[in-house]
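Numbering (the numbering used here), first residue to last: 20 to 81.
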C-alpha cells in the first residue's frame, strides 16, 4: 500500500527551499498532497500576500 504524505505551507513566493522540501516529502510516500495556506493566513502572518492563492496553487502543482 502506498503512503499518502500531506504537507502544508504558504509558498509565498515559492523558492528552492520549498522545492527541496516538496521533493523530500515525495520520497516518503507514493502520493504527495500539498495544502496551500490561504491569503488570509498569509496576511495574518506576513501582513500581505505577495502571490495570490491561485498563483501559489499553480506553482506547487507537479
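Even for Gly, the Cβ is constructed at its ideal location relative to N, Cα and C.
**Item:** Three or more C-beta pairs below 8 angstroms linking the stretch 68 to 79 and the stretch 49 to 57
**Value:** At 8 angstroms Cβ cutoff, the stretches touch.
**Message:** Using the three-state DSSP reduction, which class does residue 29 fall into: helix, strand or coil?
**Reply:** DSSP places residue 29 in coil when its eight states are reduced to three.
**Message:** Taking the alpha helix (DSSP H) that residue 34 belongs to, which residues open and close that run?
**Reply:** Careful: residue 34 lies outside any alpha helix (DSSP H) and carries neither H nor E.
**Asked** Considering residue 51, what are the terminal residues of the alpha helix (DSSP H) in which it resides?
**Response** Taken as a continuous stretch (DSSP letters only), residue 51 belongs to no alpha helix (DSSP H), being part of the beta strand (DSSP E) at 50 to 55.
**Message:** Rounded to the nearest angstrom, what separates residue 43 and residue 27 at their Cα positions?
**Reply:** 14 angstroms
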